[in-house]
Amino acid sequence: MAKIVGTVTTSHIPAIGRAIAKNLQTDPYWKPFFGGFEAVHGWLAKVKPDVAVVIYNDHGLNFFLDKMPTFAVGAAREYVNADEGWGIPSLTPFRGDPDLSWHIIESLIDAEFDITSCQEMFVDHGFALPMALLWPGGAGWPVTTVPISVNTVQHPLPSPKRCYKLGRALGQAIGSYDEDLRVVVIGTGGLSHQLDGTRAGFINKPFDLMCMDKIVAEPEALTRYTIPELVEQAGAQGVELVNWIIARGVLDDRVEKVHSNYHIPISNTAAGLLVLESRA
Ligand code: DHB
Ligand code: FE
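If you read the sequence shown in this note's numbering, its first letter stands for residue -18, the second for the next number, and so on.
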């Protein structure tokens, strides 16, 4: 059976793509951010995943305001990263695992989540840059992928409570897949940030640190927030935290914190990183 080796949750920010392209990883601005990933590389070398299930939000590359699925799962052989207008180089296409994708889609629909299945899907910085952070060097991707896009853009958004339940169902789906695959679940986005309006540049460090603490042993505490409360506390784009909550849901109640990092700001965003494993 497939086994979830753990979760990695991390921020996704287009500026990271430019820093990678210009080799700025050890630059004073970037070192506290990129340095946080060294421990993750060591962990990945140890847990050796075959597949990455990546929970992220599309920002207008594949889905726009005209058609915005709440939860969409990729079921393609390949996912292409394309120019979104940030001026960053696009990355090598990602291999899919259509059989696992369809198993996940069937299991989630069985669990009463009405999923949009996507046999073609462009993946934006929310998917591609965390992959580049986890597997740097551009030598190709050592894992196949299943993208899961969550609407954090056009209201109404799915609540943290609903997202946690989706994570629970996703964990069941992966765990019931009849192939000996090692699966890492990646959640991207957050932490606090707001890109526009009068609160542009808003960051809430105490709230972020509370979330990074609670999500380990008491994730239900985060499911009590409504979306408007999350917008207030974390900023309009800080609601991307729901992608972390979905990832947390795939693990057991009891988890081990393997690694974490927090650095502000990267661009307009509080950059968080957390690696968890089920304790059992
Ligand atoms: C930034 C952060 C994001 O999450 C995003 O999707 C785009 C930009 C930023 O801080 O620049
Ligand atoms: Fe984003």
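For every residue, glycine included, the Cβ atom is placed at its ideal position computed from N, Cα and C. Since the structure is predicted, the reported quantities are computational estimates derived from the model, not experimental observations.
{"Item": "Quick check on G(-13): does DSSP put it in helix, strand or coil?", "Value": "strand"}
{"Item": "Closest to D39 by C-alpha separation, out of I247, H244 and N132, would be which residue?", "Value": "N132"}
{"Item": "Contact criterion: CB-CB distance below 8 Å. Does F94 meet it with respect to chain D?", "Value": "The structure shown contains no chain D, having only a single protein chain."}
{"Item": "Considering only the beta carbon of each residue, do V220 and V212 sit closer than 8 Å?", "Value": "yes"}
{"Item": "For K146, does the count of other Cβ atoms within 10 angstroms reach 16, so buried, or fall short, so exposed?", "Value": "buried"}
{"Item": "What residue does the alpha helix (DSSP H) around V35 start on, and which one ends it?", "Value": "No alpha helix (DSSP H) holds V35; the beta strand (DSSP E) holding it covers V32 to Y37."}
{"Item": "Put E210 into one of helix, strand or coil per three-state DSSP.", "Value": "helix"}
{"Item": "Does DSSP put H244 in a helix, in a strand, or in coil?", "Value": "strand"}
{"Item": "How do the region 34 to 49 and the region 115 to 130 stand: do at least 3 beta-carbon pairs fall below 8 Å, yes or no?", "Value": "yes"}
{"Item": "Of all the alpha helix (DSSP H) runs that stay within the bounds of the region 86 to 151, which reach a length of 4 or more residues?", "Value": "106 to 115"}
{"Item": "Let me check understanding here. Comparing Cα to Cα, which of K27, D78, V197 and F44 lies closest to A56?", "Value": "D78"}
{"Item": "Check whether the Cβ of I129 sits closer than 7 Å to any heavy atom of ligand 1, and report yes or no.", "Value": "no"}
{"Item": "Taking the alpha carbon of T169 as the point to measure from, which residue in A113, P74 and I208 has its own alpha carbon closest?", "Value": "A113"}
{"Item": "Output yes or no for whether 8 Å exceeds the beta carbon distance between V256 and H240.", "Value": "yes"}
{"Item": "Grab the span of the beta strand (DSSP E) containing A263 for me, first residue to last.", "Value": "Limits of the chain in this structure are -18 at one end and 261 at the other, which puts residue 263 out of reach."}
{"Item": "Just to confirm, is the Cβ distance from L318 to Y158 under 8 Å?", "Value": "No answer is possible for residue 318: the residues shown for the chain start at -18 and end at 261."}
{"Item": "Can you name, in chain order, every residue of its own chain whose Cβ lies under 6 Å from the Cβ of A252, other than the five neighbours on each side?", "Value": "S(-8), F14 and H244"}
{"Item": "In terms of alpha-carbon separation, which member of P50, L138 and Q135 lies closest to M102?", "Value": "P50"}
{"Item": "Compute the Euclidean distance between the alpha carbons of V164 and I155, then round it to the nearest angstrom.", "Value": "8 Å"}
{"Item": "Let me have the residue list for ligand 1: C-beta closer than 7 Å to any non-hydrogen atom, ordered along the chain.", "Value": "S(-8), H(-7), I(-6), P(-5), A(-4), H40, H106, G107, G170, H174, L176, Q218, E221, I247, S248, N249 and T250"}
{"Item": "To which residues of the same chain is S88 closer than 6 Å at the C-beta, ignoring the five residues directly before and after it?", "Value": "A154"}
{"Item": "Kindly give me the distance between the Cβ atoms of R54 and S98, rounded to whole angstroms, as I take these residues to be in contact under 8 Å.", "Value": "Rather than Arg, the amino acid found at residue 54 in this sequence is Val. 6 Å between Cβ atoms; contact."}
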